[in-house]
Every structure is written in structure tokens, then in C-alpha cells.
Amino acid sequence: MTTDIRTDIRTETASSAAPGRQVSPPEDRHATELAFLAAYDSGPRPPSWRLTPRAVVTFVMGSNGESLQLPESAAAPEGLPRRLVVEQKFVGDRALVERCVVTLAGERGLLLVGEPGTAKSMLSELLSAAVCGTSGLVVQGTAGTTEDQLKYGWNYALLLAQGPTRQALVPSPVLTAMTRGAVARVEEITRCLPEVQDALVSLLSERRIAVPELAGGEDALAHAAPGFTLIATANLRDKGVSEMSAALKRRFNFETVGPIGDLDAETALVRRQAHAAVTRAGAPFQVDDAILEALVTAFRDLRDGRSAEGWEVERPSTVMSTAEAVSVAGSLALAAAYFPGDRDVLSLLPGHLLGVVRKDDPADAARLLGYWDGAVRRRAEQGSATWRTLWDLRSVLES
Ligand SMILES: Nc1ncnc2c1ncn2[C@@H]1O[C@H](COP(=O)(O)OP(=O)(O)OP(=O)(O)O)[C@@H](O)[C@H]1O
Ligand SMILES: [Mg+2]
Numbered sequence: 014m015t016t017d018i019r020t021d022i023r024t025e026t027a028s029s030a031a032p033g034r035q036v037s038p039p040e041d042r043h044a045t046e047l048a049f050l051a052a053y054d055s056g057p058r059p060p061s062w063r064l065t066p067r068a069v070v071t072f073v074m075g076s077n078g079e080s081l082q083l084p085e086s087a088a089a090p091e092g093l094p095r096r097l098v099v100e101q102k103f104v105g106d107r108a109l110v111e112r113c114v115v116t117l118a119g120e121r122g123l124l125l126v127g128e129p130g131t132a133k134s135m136l137s138e139l140l141s142a143a144v145c146g147t148s149g150l151v152v153q154g155t156a157g158t159t160e161d162q163l164k165y166g167w168n169y170a171l172l173l174a175q176g177p178t179r180q181a182l183v184p185s186p187v188l189t190a191m192t193r194g195a196v197a198r199v200e201e202i203t204r205c206l207p208e209v210q211d212a213l214v215s216l217l218s219e220r221r222i223a224v225p226e227l228a229g230g231e232d233a234l235a236h237a238a239p240g241f242t243l244i245a246t247a248n249l250r251d252k253g254v255s256e257m258s259a260a261l262k263r264r265f266n267f268e269t270v271g272p273i274g275d276l277d278a279e280t281a282l283v284r285r286q287a288h289a290a291v292t293r294a295g296a297p298f299q300v301d302d303a304i305l306e307a308l309v310t311a312f313r314d315l316r317d318g319r320s321a322e323g324w325e326v327e328r329p330s331t332v333m334s335t336a337e338a339v340s341v342a343g344s345l346a347l348a349a350a351y352f353p354g355d356r357d358v359l360s361l362l363p364g365h366l367l368g369v370v371r372k373d374d375p376a377d378a379a380r381l382l383g384y385w386d387g388a389v390r391r392r393a394e395q396g397s398a399t400w401r402t403l404w405d406l407r408s409v410l411e412s
């Protein structure tokens with residue numbers, strides 16, 4: 014039986030995490046690129062930004078395979094290459110990333126919304142690593158998130174010993190970002206209760222946090238340093254999320270991060286990221302391109318409710334996200350690595366699709382069967398060997 018790669022692990026292409034770590038944050042994984050881009054583009058930057066806005070976009074979108082050359086005048090730290098191809102990390106609309114960067118340079122927060130697994134969190138990490146050098150000032154929003162976690166708490170031992178002093182105060186990642194002039198991230202903000210979300214309203218407009226416990230005077234107000242900004246994410250599918258108040262919405266620019274538009278681009282991304290994840294797991298990546306293309310095609314057909322040929326497809330309620338496709342591709346590779354020769358890798362695909370489709374509603378297995386009886390059978394009849402094999406495996410879906 015195959016083992017599953019968990020998609021909530023950032024599956025970036027940089028396959029080597031620092032020793033002893035499963036995954037390193039982008040500021041570590043891409044440290045060379047960040048240092049290079051800081052030396053490469055000496056243009057104007059918003060206060061305390063590490064890179065220029067244009068260089069931030071290049072960091073996220075890559076340099077289109079072009080090898081960038083450091084200007085002669087650029088003072089490059091020891092050991093930094095003078096030429097570098099910047100890797101594409103986010104597959105998607107460049108204009109979207111440019112709008113995100115412009116928002117971060119302005120006075121509003123940035124809210125990334127979209128279906129699960131569309132790289133909202135990944136994008137927010139990349140943007141903060143590029144802008145302020147860390148993606149670690151993050152609050153994971155849940156129904157249990159308290160205002161303290163967005164503002165500040167107390168070290169109760171010190172509180173008892175000293176009373177409400179600066180030493181006893183425990184700043185939240187948001188307050189730390191404010192005092193440093195850095196980027197704070199709030200993941201899944203709509204999972205927080207409305208009254209907790211609204212703790213951000215005054216913070217985002219007045220750019221300061223009152224700490225009344227600190228007995229008045231200058232100490233009782235923490236002002237945001239220039240460069241402070243906030244990125245939040247929210248996924249549209251989550252049940253039990255709390256609607257954002259109009260007041261809070263007005264403090265954010267919304268950007269919708271959609272699924273990848275192009276089959277080839279998505280297939281290339283799935284191959285790249287599954288390869289990286291399997292390499293990190295210490296196994297070789299041996300999955301044929303034809304299998305990967307069939308995998309991504311099936312995901313897109315079921316996600317869009319329409320096949321590439323234009324045939325109707327009943328959509329399951331589970332989100333057939335790119336992240337999930339990366340995970341299935343990784344599982345196929347691991348199966349090939351650890352169970353060599355047991356079975357043809359393609360024959361494992363229906364079982365994995367069934368596992369994904371049943372996640373939200375087990376009754377959706379019937380929709381996958383319907384997909385088999387529709388698009389898969391027709392492609393098989395049109396002579397495709399890959400889809401013929403998949404069609405012959407229909408019985409797997411009846412189990
Ligand atoms: N457009 C994309 N470009 C690059 N990677 C992508 C893209 N879409 C999905 N991925 C892959 O899917 C993974 C999941 O992304 P991420 O966790 O950031 O999604 P999310 O939108 O935050 O999902 P959720 O709403 O469930 O939190 C990414 O790490 C990346 O591997
Ligand atoms: Mg996320």
C-alpha cells in the first residue's frame with residue numbers, strides 16, 4: 014500500500030531543506046536569490062523593504078529562465094554569484110502578484126482569498142520573505158484564536174513578580190512586526206471569531222496598539238514602524254468561517270488566487286513539486302509524463318465540471334486542488350520507489366483519485382464513476398492507450 018505526502022507541507026521546488034528540517038522557510042531556502050536580488054536592483058524601495066517592489070515580483074514569478082547579471086557597480090556579498098536565473102515559485106498571473114506588492118507598499122492590508130490548495134499561504138510566505146526577510150511572523154487563525162494572539166499577552170510569572178512591565182509583555186507576531194516595521198501574516202483569518210478579527214480594525218487604521226496595562230505615558234502605545242504591513246489569507250470553501258465585518262474589509266485589498274489556468278503549466282508544476290517532495294523523502298521520482306498528464310487532466314476535469322474536450326463532468330464536492338494533485342503524484346512516485354515492479358504505476362491512479370474524491374463526501378465516489386463512464390471511456394474509445402488502461406480499471410472504483 015502506498016504512503017501519502019501531506020500537502021500542507023510547503024512543497025517548494027528547492028528540494029534541499031536545511032539539515033534536520035523537513036522544510037525550511039522561503040527566506041532560508043531562497044537566501045541566495047534574495048541576496049542576489051537585493052544587490053541586483055538598487056531602485057527605490059518603500060521604507061525598510063529588503064527588495065524593490067519589482068525585485069519582489071521577480072522573486073515570486075521568476076526571471077522567465079533569463080540569467081540576470083549583477084550591475085558592475087553592485088556591491089555583492091562574498092560568494093554571491095554575479096549571474097543568476099531566478100526560479101518561478103508561483104504559477105499564475107504576474108499582474109496579480111504586482112497588485113499584491115503594490116498593496117503591501119500602501120496603507121492597507123492584503124487579503125488573499127480563494128479555493129483551498131491554490132497557494133495563498135505559499136504566496137503570503139514568499140511575499141513576506143522578500144519584503145522583510147522573514148515569513149515567520151504568523152498567526153494561524155482558528156475558532157480558538159484570541160485577541161492576545163493578535164495583539165499581546167503576558168508572561169504570568171513576570172507579571173506576578175514585576176506587575177505589568179514591558180518585560181512581562183509577550184508581543185504577538187503582529188505586534189513584533191509592528192515594532193520592527195515588518196510583514197505580519199494571519200492565516201485563515203475568517204476562522205477567527207468576528208470580535209477577534211475586529212481587533213485588527215484599529216490596528217490597521219491607526220497603526221498602533223494601546224497597552225493600557227502599561228500605566229500611561231509613551232509606553233502605553235506601541236506604534237507601527239514604517240514598513241509594517243499585514244497579509245491575511247482566507248479560503249472560500251471553509252465551513253463555519255466567520256464573515257468579515259465591513260469595517261475590517263475596508264482595511265484590506267482583496268486578491269483572489271484562482272486555480273492554475275493552463276494544463277501544461279499545472280502539469281509542469283505538479284511534476285516539479287512532487288519531484289522535490291519525493292527527493293526530500295530520499296526516493297527517486299519515476300512517474301511517466303503520460304501518467305502525470307492523465308492525473309492533472311482528471312483533476313482539472315473534475316475541478317472545472319467540464320472536460321478538456323468540453324464534455325459535461327459532475328463535480329465532486331471535494332476541492333480537486335493543485336496541492337492535492339502534487340500529493341497524489343508524490344504518492345505514485347513513492348509507490349514506484351518502494352514497491353518496484355509490484356504494479357504498473359498508472360494502475361494506482363484510480364485508487365488515489367477515489368481517496369481524494371471521497372474526502373468531503375463519500376457519496377462522491379459515484380461522481381467519479383460517472384466521470385469514468387463519460388470522459389475516460391470516450392478517450393479510451395478514441396484510442397488513447399493511457400485512458401484505455403484507466404478505463405479497464407473501472408472496477409477499482411466500485412470497491
Ligand atoms: N499557482 C501555484 N503555484 C505554485 N504552487 C502551487 C500553486 N497552486 C498550488 N500550489 C502548490 O500547492 C501547495 C499548497 O498551497 P497552499 O498551502 O499555499 O494553499 P492554500 O491556498 O493556502 O490552501 P488552504 O486554503 O488549504 O490553506 C503549495 O505549496 C504548492 O506546492
Ligand atoms: Mg493556506
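Heads up, the sequence shown is in my numbering, so the first residue is 14 and it goes up one at a time. Glycine included, each C-beta is placed from N, C-alpha and C at the ideal position.
Item, Value
"Taking the beta strand (DSSP E) that Thr242 falls in, what are its first and last residues?", "242-248"
"Give me the Cα-Cα distance between Thr310 and Pro129, rounded to the nearest whole angstrom.", "18 Å"
"Put Glu268 into one of helix, strand or coil per three-state DSSP.", "strand"
"Ends of the beta strand (DSSP E) at Val126?", "122-127"
"May I ask whether a heavy atom of ligand 2 can be found less than 7 Å away from the beta carbon of Glu138?", "no"
"What span of residues does the beta strand (DSSP E) with His236 cover, start to end?", "234-236"
"Going residue by residue through the stretch 86-158, where are the continuous alpha helix (DSSP H) segments of at least 4 residues, counting only ones entirely within it?", "107-118, 133-145"
"Please report the straight-line C-alpha distance between Val326 and Asp355, rounded to a whole angstrom.", "32 Å"
"Does the beta-carbon of Thr335, which I'm using as the reference point, lie nearer than 7 Å to any heavy atom of ligand 1?", "yes"
"Report yes if the CB atom of Leu345 is closer than 8 Å to the CB atom of Val358, and no otherwise.", "yes"
"Could you compute how far the alpha carbon of Val370 sits from the alpha carbon of Asp277?", "23 Å"
"Looking at C-beta atoms only, is the number of pairs between the stretch 168-180 and the stretch 89-103 that lie closer than 8 Å three or more?", "no"
"In the DSSP assignment, what are the bridge partners of Gly166?", "Val183"
"Nearest-angstrom Cα distance between Thr26 and Ala289?", "Because the pLDDT at Thr26 is just 46, under 50, the model does not fix this residue reliably, and the point stays unresolved."
"Asp314 to Asp275, Cα distance in whole Å?", "12 Å"
"From what residue to what residue does the beta strand (DSSP E) around Ile222 run?", "221-223"
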